[in-house]
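This report concerns only the one structure given below.
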Amino acid sequence: MSTRATLSQTVLDQVETLVERNGGRHFETDENVIQDILKKREEVDKRAENRKQRRIKHKETWENTAGSPISEVTIVMLGWVFGSKSEISSVILGIPEKEKRTETCVKETKVMKNGLKVTVVDTPGWWKYFSASLVPNSVRSEIMKALDEDEETGHTSAKEKSHDKVSSGRAFLLMIPADTSFTNEQKKIIEDNMKPFGETIWQNTIVVFNRAHCLGEFEIEQHIESEGEALIWLVEQCGNRYFTFTDEVKHQSELEDQGQKLVDMVVDMVSKDQSLQIPSNKDKEQMAETGHRTEEGSPEEPVDHDLKKLVEVLHSEWEWRPWEMTEFRARFAQRLRTKYRKCDVNIGKFPKSSHTREEIEKILRDELRGRSLEEVLETALHIYFQRECGAFDILSIMFEKDQFKSEWKQLFEREWARREVRMMKYVLAKYLADSKEDADAGEAHVRSCEDTSLWTVKSTPLKSSPWMDQLPPLIKEIVKGILKRLKELNKPVHS
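Per the UniProt record's numbering: the sequence shown = residues 1 to 495.
This is how it looks when you write it as structure tokens:
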């Protein structure tokens, strides 16, 4: 009997056992539950369509409204750590993306083809899970520098503008990854982090949903309406102004087109609404120290100074170190090394593969079953470190303290898991990066994932690390499925 027949018989035996155990009864779906789900889906689709139509009408109205000519614009990037602020800044400016973490307020200027002078201000990110009161003073101070008046453009509030002065404006882009959840927790954190800029900031802010490719065929309006009241509130707070940014594209020109459309949307907004009121220097200094303005009758949010000190330690440990990257690459290669250790392949003479990037992406989408890679890894790492390790290595010393509250530990683990996920995605991207082959003929094509893995195994020093072998089943099964399908896809094409 063949292996396939044996497996089929085993499955049938298990099915018969299950039926017998359940007394011959089969699973029945509650019709009321199905109808309830369908009803909710219809309501979401209806609200999404209404939001889309409202946005279209608003755009038509604005196009028919005369605005002030804009020759200079400053775009301030805001959002939490790893929110793709630097990536989109680079797209707008048409420059390579920086791999280093943004720790200071960085201003760069570009003159567009139409003569528009665009200054992009990249700022350090705040935390996704820690409250605004726990943002280090040094980070808050750098973020507030985004409001400093530029000597050349002379950005001022609308009330101070004179008719003969060069027309300029300032806008804020709030980065919200479309592939992660947005709850009341994130709403409160963003609202508190935006308060120092004043109430008028919302009238000059556009929500940018980056990583929109993860939505697939799901429209952004459906995402907004289905995600919940928190995200709906944020979009409405910004006047229903939002932009979807797709990171994964086939050609660089597609990124450039998105960057230009985003700039056009910014210019259209600031040309018709220049109501931004810049806080005074005194207010900015106060906000850099406390995170809020001094107002009568407004109680300050209590700050646990012990927790704040620990968060500052986390901030100092956040930067990726060279040895960490080396270790992470070695861990990633360990499983592949075990599989291919006996493989004798002549490095540099791989047979060409016929697969495309789109085929690989389809495999990833199928295996992840609609979930984003970041969400799966973040959840898995959180479960793994919580149940198996009890704490992250770098934070273990802090966790040993008796006064370290359980809710603190959970916040640290959730925030640190985002760092680990980003590092893992970075390493994966390096392994899957396009490379040049057939240099003599000048012909370039995408190297297969299998070939890249083999090359990595051969070129990476052997390091004993059981970390990958101890990953939870959630990751193991996904990785196993992806590698299996990629192996089948990457079978060499025989000439």
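Glycine included, C-beta positions come from ideal geometry on N, C-alpha and C.
Since the structure is predicted, the reported quantities are computational estimates derived from the model, not experimental observations.
| query | If we call anything under 7 Å between Cβ atoms a contact, is residue 502 one with lysine 128? | reply | Outside the shown range of the chain (1 to 495) lies residue 502, about which nothing can therefore be said.
Quiz prompt | Inter-residue spacing [alpha-carbon to alpha-carbon] between serine 89 and aspartate 179 | solution = Looking up residue 89 in the sequence shown gives position 89. Looking up residue 179 in the sequence shown gives position 179. Looking at the two C-alpha atoms, the distance is approximately 19 Å.
Practice task
Please classify phenylalanine 412: does DSSP put it in a helix, a strand, or coil?
Solution key: Indexing the sequence shown from 1 puts residue 412 at position 412. Residue state for phenylalanine 412 is assigned as helix, using DSSP reduced to three classes.
_By the three-class DSSP mapping on this structure, what secondary structure does tyrosine 129 have?_
As a working mapping, residue 129 is identified with position 129 in the sequence shown. Collapsing the DSSP output to three states places tyrosine 129 in coil.
ask   = If you check the beta carbons only, do valine 208 and phenylalanine 243 fall under 7 Å apart?
value = Translated into positions along the sequence shown, residue 208 becomes position 208. Translated into positions along the sequence shown, residue 243 becomes position 243. Cβ distance < 7 Å, so valine 208 and phenylalanine 243 count as in contact.
Sort Gly24, Thr119, Gln9 and Ser226 by Cα distance to arginine 47 and report the nearest one.
-> For the purposes of this step, residue 47 is identified with residue 47 of the sequence shown, where counting begins at 1. It is Ser226 whose Cα lies nearest to the Cα of arginine 47.
Item checked: Beta-carbon proximity list for arginine 51, same chain, < 6 Å, skipping 5 on both sides -> Here residue 51 refers to the residue found at position 51 when the sequence shown is read from its first residue. Closer than 6 Å at Cβ, skipping near neighbours: Glu221.
Taking arginine 241 as the reference, give the member of Gln14, Trp62 and Leu7 with the closest Cα. What you label residue 241 is simply residue 241 of the sequence shown in a count that begins at 1. Of Gln14, Trp62 and Leu7, the residue nearest in Cα terms is Trp62.
**Study point:** Whole-angstrom C-beta distance between isoleucine 143 and threonine 123, which should lie under 8 Å
**Key:** If you number the sequence shown from 1, residue 123 lands on position 123. If you number the sequence shown from 1, residue 143 lands on position 143. Yes, they are in contact, since the Cβ atoms of threonine 123 and isoleucine 143 sit about 5 Å apart, within 8 Å.
Can you give me the C-alpha to C-alpha distance between glutamate 229 and phenylalanine 182, rounded to a whole angstrom?
Here residue 229 is taken as the residue at index 229 of the sequence shown, counted from 1. Here residue 182 is taken as the residue at index 182 of the sequence shown, counted from 1. Taking the CA atoms as reference points, glutamate 229 sits about 9 Å from phenylalanine 182.
Practice prompt. Excluding the 5 residues preceding and the 5 following alanine 212 in the sequence, name in chain order all residues of the same chain whose CB lies nearer than 7 Å to its CB.
Written response: One-based indexing of the sequence shown puts residue 212 at position 212. Contacts found: Ala178, Ile220, Thr244, Phe245 and Thr246.
| query | Helix, strand or coil: how does DSSP classify arginine 170 here? | reply | Here residue 170 is taken as the residue at index 170 of the sequence shown, counted from 1. In the structure shown, arginine 170 adopts extended strand secondary structure according to DSSP, grouped into three states.
CA nearest to the CA of serine 271, picked from Ser68, Glu43, Asp45 and Leu78: Position 271 of the sequence shown, counting from 1, holds the residue named residue 271. Among Ser68, Glu43, Asp45 and Leu78, the Cα nearest to that of serine 271 is on Ser68.
Helix, strand or coil for valine 81? Go by DSSP, reduced to three states. Indexing the sequence shown from 1 puts residue 81 at position 81. Correct three-state label for valine 81: coil.
Decide if histidine 26 is buried, meaning its Cβ has at least 16 other Cβ atoms within 10 Å, or exposed.
Translated into positions along the sequence shown, residue 26 becomes position 26. Exposed, because fewer than 16 other Cβ atoms sit within 10 Å of the Cβ of histidine 26.
TODO: Report the option in Asp304, Val421, Met269 and Gln410 whose CA atom is closest to the CA atom of threonine 65.
DONE: On the sequence shown, residue 65 is found 65 positions in, with the first residue counted as 1. Nearest option by C-alpha distance: Met269.
Can you tell me whether glycine 216 is buried or exposed, with buried defined as 16 or more other CB within 10 angstroms of its CB? Counted from its first residue, the sequence shown places residue 216 at position 216. Counting Cβ neighbours within 10 Å, glycine 216 comes out exposed, since fewer than 16 surround it.
Can you tell me where the beta strand (DSSP E) with asparagine 210 in it begins and where it stops? As a working mapping, residue 210 is identified with position 210 in the sequence shown. Here the beta strand (DSSP E) through asparagine 210 covers 205 to 210.
What does DSSP give as the partner residue(s) for threonine 244 in the beta ladder? Start at 1 with the first residue of the sequence shown, and residue 244 comes out as number 244. Threonine 244 pairs with Phe209.
Taking the alpha-carbon of glutamate 185 as reference, which of Lys145, Trp233 and Asp30 has the nearest alpha-carbon? The sequence position of residue 185 within the sequence shown is 185, counting from 1. It is Trp233 whose Cα lies nearest to the Cα of glutamate 185.
Beta-carbon spacing of valine 267, valine 73 below 7 Å
By 1-based counting over the sequence shown, the position of residue 267 is 267. By 1-based counting over the sequence shown, the position of residue 73 is 73. The Cβ atoms of valine 267 and valine 73 lie closer than 7 Å to each other.
Q: Quick one: using the 10 Å Cβ neighbour count with 16 as the cut-off for buried, is histidine 315 buried or exposed?
A: As a first step, residue 315 is located in the sequence shown; it is residue number 315 there, counting from the start. Counting of Cβ neighbours within 10 angstroms places histidine 315 among the buried residues, the total reaching 16 or more.
Quiz item: Do you know offhand how far glutamate 236's Cα is from valine 15's?
Solution: If you number the sequence shown from 1, residue 236 lands on position 236. If you number the sequence shown from 1, residue 15 lands on position 15. Straight-line measurement puts the Cα of valine 15 at about 51 Å from the Cα of glutamate 236.
Straight-line gap, serine 138 to threonine 109 (C-alpha atoms, nearest Å): Here the question's residue 138 lines up with position 138 in the sequence shown. Here the question's residue 109 lines up with position 109 in the sequence shown. In this model, serine 138 and threonine 109 are separated by some 24 Å (Cα to Cα).
Under 8 Å by Cβ, that's how I've got isoleucine 95 and serine 168 pegged, so tell me the actual separation to the nearest angstrom. Numbered from 1 along the sequence shown, position 95 holds the residue referred to as residue 95. Numbered from 1 along the sequence shown, position 168 holds the residue referred to as residue 168. Actually they do not touch by this definition, with Cβ atoms about 22 Å apart.
| task | Pick helix, strand or coil for arginine 418, following the three-state DSSP scheme. | result | Mapped onto the sequence shown, residue 418 falls at position 418. In the structure shown, arginine 418 sits in a helix (DSSP, three-state: H, G or I).
Might you give, ordered along the chain, the residues of its own chain that have their beta carbon closer than 6 Å to the beta carbon of lysine 250, omitting 5 neighbours on each side? Translated into positions along the sequence shown, residue 250 becomes position 250. Take lysine 250, set aside five residues on each side of it, and no residue of its chain has a beta-carbon closer than 6 Å to its own.
Taking its Cβ as the centre, do 16 or more other Cβ atoms sit within 10 Å of valine 111, making it buried, or is it exposed? The residue given as residue 111 occupies position 111 in the sequence shown. So valine 111 ends up on the exposed side.
Q.
Can you give me the C-alpha to C-alpha distance between lysine 425 and valine 19, rounded to a whole angstrom?
A. Position 425 of the sequence shown, counted from the first residue, corresponds to residue 425. Position 19 of the sequence shown, counted from the first residue, corresponds to residue 19. CA-CA distance, lysine 425 to valine 19, rounds to 43 Å.
*Mapping DSSP to helix, strand and coil, what is isoleucine 95?*
Along the sequence shown, read from residue 1 onward, the residue named residue 95 stands at position 95. DSSP places isoleucine 95 in coil when its eight states are reduced to three.
Beta-carbon spacing of threonine 104, serine 86 below 7 Å: As a working mapping, residue 104 is identified with position 104 in the sequence shown. As a working mapping, residue 86 is identified with position 86 in the sequence shown. Going by C-beta atoms, threonine 104 is not nearer than 7 Å to serine 86.
(Q) Mapping the DSSP letters down to three states, classify lysine 52 as helix, strand or coil. (A) Position 52 of the sequence shown, counted from the first residue, corresponds to residue 52. Look at lysine 52 here: in three-state DSSP terms it is helix.
Can you tell which of Thr119, His305, Ala417 and Ser406 has the C-alpha that lies nearest to the C-alpha of proline 136? Residue mapping note: residue 136 aligns to position 136 of the sequence shown, counting from 1. Selected option, being the one with the closest Cα: His305.
Task: Whether aspartate 36 touches alanine 132 by CB criterion (7 Å) - done: Working through the sequence shown from its first residue, we reach residue 36 at position 36. Working through the sequence shown from its first residue, we reach residue 132 at position 132. Not closer than 7 Å, so no.
Handout entry: Other residues of its chain near threonine 205: CB distance less than 7 Å, five sequence neighbours each side excluded
Key = Working through the sequence shown from its first residue, we reach residue 205 at position 205. Hits under 7 Å: Phe172, Leu174 and Cys238.
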